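K.L.:
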Amino acid sequence: MISNTILELLHQYGYLIFYFAFSLGPFGIPIPNEITIISGAILSHTGVINSWITYFCILSGLLTAITFAYFAGKLFGPKIKHRFQHHKHFIKAELILNKSGNWAMCIGLFIPIVRYVLPLVIGLSGVQYRKFALISYSSALLWTITYFTAGIYFGGPILSTLRLLHF
1 MISNTILELL
11 HQYGYLIFYF
21 AFSLGPFGIP
31 IPNEITIISG
41 AILSHTGVIN
51 SWITYFCILS
61 GLLTAITFAY
71 FAGKLFGPKI
81 KHRFQHHKHF
91 IKAELILNKS
101 GNWAMCIGLF
111 IPIVRYVLPL
121 VIGLSGVQYR
131 KFALISYSSA
141 LLWTITYFTA
151 GIYFGGPILS
161 TLRLLHF
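For the sequence shown, UniProt numbering begins at 1 and goes up steadily by one.
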């Protein structure tokens, strides 16, 4: 079902569908990134689409999204911080970032939703772009390689299980 949706979107928009799914993920794309990347890997592995182009579109889309979120945090940081400074989730995110910043940046990319919110918090916390890019982009590369590889080797059984669960 999800693979068919991705195939239809791929037929209409080409490989850019993978880029847009990841770069616009924070804005409510209805297909989870994990499903999209695993489906892309399966389609690549079966020869339906080119694996290099698919992977490049996925990685560049994710890098675009987290970079955009980081600079939004830098640009709108004071307004956002003033507005949410007493919100318990914001306070918790800042504490985690202050306590274990590098690890939080690294691990945060592996957690759905957090992967798009954390760069915003990092941007408004004043972390330099060079440090953000080094840690976050390396983590994005690791995350995409992990899921793409998992999709190649375990994608069929994963999608079969999801079909049984009616996803």
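All C-beta atoms in this analysis are idealised placements derived from N, C-alpha and C, irrespective of residue type, glycine included. Everything numeric in this text was worked out from a predicted model, so none of it was measured.
1. Assign residue 168 to one of two classes, buried (16 or more other C-beta atoms within 10 Å of its C-beta) or exposed (fewer than that).
2. Identify every run of the alpha helix (DSSP H) within the segment 22-107, keeping only runs that are complete inside it and at least 4 residues long; order them along the chain.
3. Between Ala41 and Ile152, how many whole angstroms is the CB-CB distance? I'm expecting something under 8 Å.
4. What separation, rounded to the nearest whole angstrom, lies between the Cα atoms of Arg163 and Lys79?
5. Please report how far the alpha carbon of His82 lies from the alpha carbon of Ile91, in whole angstroms.
6. CA-CA distance, Phe56 and Ala65?
7. In this structure, does DSSP put Phe18 in helix, strand or coil?
8. What would DSSP say about Gly126, mapped onto helix, strand or coil?
9. Assign Phe110 to one of three DSSP states: helix, strand, or coil.
10. Going by CA-CA distance only, name the one from Tyr70, Lys74, Leu62 and Leu109 that's closest to Ser139.
11. Would you kindly check if the distance between the Cβ of Phe148 and the Cβ of Ile37 is under 8 Å?
12. Could you work out which residue in Ile31, Phe27 and Thr146 is closest to Tyr4 when comparing CA atoms only?
13. If distances are taken between C-alpha atoms only, which option among His86, Phe84, Ser60 and Leu7 comes closest to Thr46?
14. Among Lys131, Leu24 and Gly77, which has the Cα closest to the Cα of Met105?
15. Apply the 10 Å Cβ neighbour rule to Val48 and answer buried if 16 or more other Cβ atoms are within range, or exposed otherwise.
16. Report back the beta-carbon spacing between Pro119 and Ala69 to the nearest angstrom; my notes put them in contact at under 8 Å.
17. Assign Gly25 to one of two classes, buried (16 or more other C-beta atoms within 10 Å of its C-beta) or exposed (fewer than that).
P.N.:
If we stick to the structure as given:
1. The question about residue 168 has no answer, for the chain in this structure spans 1 to 167.
2. Every unbroken stretch of the alpha helix (DSSP H) spanning 4 or more residues and falling wholly within the segment 22-107 is given here in chain order: 33-45, 51-84 and 88-99.
3. Beta-carbon to beta-carbon, Ala41 and Ile152 are separated by about 5 Å, close enough to satisfy the 8 Å threshold.
4. The straight-line gap from Cα to Cα measures roughly 44 Å.
5. For His82 and Ile91, the gap between their C-alpha atoms comes out near 12 Å.
6. Approximately 14 Å, taken between the alpha carbons.
7. Phe18 falls in the helix class under three-state DSSP.
8. Reduced to three states, the DSSP call for Gly126 is coil.
9. DSSP places Phe110 in coil when its eight states are reduced to three.
10. Residue Leu109 is the option with its Cα nearest to Ser139.
11. The Cβ atoms of Ile37 and Phe148 sit closer than 8 Å to each other.
12. The sequence shown places Asn at residue 4, rather than the Tyr named in the question. If we check each option's Cα against that of Asn4, Ile31 comes out closest.
13. When only C-alpha atoms are compared, the closest one is Leu7.
14. When only C-alpha atoms are compared, the closest one is Lys131.
15. Per the 10 Å Cβ criterion, exposed.
16. The pair is a contact, with the Cβ atoms about 4 Å apart (cut-off 8 Å).
17. Classification for Gly25: buried.
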